[in-house]
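Here's the structure, in structure tokens; my notes come after.
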């Protein structure tokens, strides 16, 4: 029998996040409807049944990881089977990976240069966090990843989906990264602010790159928010304006978060992918205009 809870060096009960996820899913991707919220509760019940000493805080951290795996697997499989060009992959935190390195050297050098100059001349740190997901336009990135859907969910599959972003390091042009998405199991007021801050800063950085690269009519970058549940207060908070877009009369005001989605199930996710596809790939791009 698989052990879902282990003990650390101090004898404290610690959840084996991967083992719990794999056990609860029976090692395979559900082929019918997949209710993420219900399944998260089921995994939590399995863990707490095995060891009642597991704290609520430990479970909370695991739920976020489990939710990301559900979304990431379903998005990747949808990209594989539907043959579109919107591929969204999870990113690790900024301490483990600098998402600026996804760009080719001729683009990323401007981000590194900005950080260096801000620090050297003004003692200002350009502190950023990685969004939960990065969105690629794979039209020209055909050699980075194959379209083989995940069917068996084991440690190898989880390692694959967690590390797939590495294949894009140094490969992306300015136009290959078209958006980002923040995903949360719930949206407390502080998490709303975090998402808005990430969206606003990401878009400001994109404008900086546009200027340094002398791109007159950029494609624009999009930033999305998603949660298991959304209420009216959440949606209103995420409509906050992107700060850089109101600094001069020459700029057009835009939202920090372009759209927010309630991702409580696979059905919701597929609908969200359709909406994102329409936003990220307008007819002018699809028709090559």
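Residue numbers (the working numbering): 65 to 353.
Ideal placement from N, C-alpha and C gives every residue a C-beta, glycine not left out.
Going by Cα to Cα distance, which pick from the options is closest to residue i?
i	options	result
residue 286	97, 112 and 152	152
residue 282	299, 288 and 267	267
residue 119	128, 127, 77 and 132	77
residue 130	331, 265 and 225	225
residue 284	180, 244, 178 and 312	244
residue 155	98, 230, 183 and 240	230
residue 98	139, 172, 241 and 272	139
Could one say the Cβ of residue i lies closer than 8 angstroms to chain B's Cβ atoms, at least one of them?
i	result
residue 300	The structure shown contains no chain B; it is built from a single protein chain.
With DSSP as the reference, identify every bridge partner of residue i, one or two as the case may be.
i	result
residue 288	245 and 323
residue 167	236
residue 307	Its beta-bridge partners do not exist; DSSP assigns none.
residue 99	329
residue 200	151 and 241
residue 77	71
Let me know the secondary structure DSSP gives residue i once reduced to three states.
i	result
residue 144	helix
residue 150	strand
residue 188	coil
residue 353	With a pLDDT of 48 at residue 353, under the threshold of 50, the modelled position of this residue cannot be trusted, and the question is left open.
residue 71	strand
residue 14	Lying before the first or after the last residue shown, residue 14 is absent from the chain, which here runs from 65 to 353.
residue 92	strand
residue 194	coil
### Given 8 angstroms, three or more beta-carbon pairs between the stretch 288-299 and the stretch 246-261
Because the criterion of three Cβ pairs below 8 angstroms is met, the stretch 288-299 and the stretch 246-261 touch.
### Message
I want to know whether the stretch 306-325 touches the stretch 256-276 - three or more CB-CB distances under 8 angstroms.
### Response
Cβ pair count under 8 angstroms is three or more, so yes.
### Message
Under 8 angstroms: do the stretch 105-125 and the stretch 196-207 share three or more Cβ pairs, one atom per stretch?
### Response
With a cut-off of 8 angstroms on Cβ pairs, the stretch 105-125 is not in contact with the stretch 196-207, counting fewer than three such pairs.
### Message
Quick check: the stretch 161-178 against the stretch 227-240, are at least 3 beta-carbon pairs closer than 8 angstroms?
### Response
The stretch 227-240 vs the stretch 161-178: in contact.
### Query
So, do the stretch 210-225 and the stretch 85-95 have three or more beta carbon pairs nearer to each other than 8 angstroms?
At 8 angstroms Cβ cutoff, the stretches touch.
### Task
List in chain order: all unbroken alpha helix (DSSP H) runs of 4+ residues lying wholly within the stretch 203-253.
Positions of the alpha helix (DSSP H) runs, each at least 4 residues long and wholly inside the stretch 203-253, are given as 219-227 in order along the chain.
### At least three beta-carbon pairs within less than 8 angstroms, the stretch 99-108 to the stretch 302-317
Taking a contact to require three or more Cβ pairs closer than 8 angstroms, the stretch 99-108 and the stretch 302-317 do not qualify as touching.
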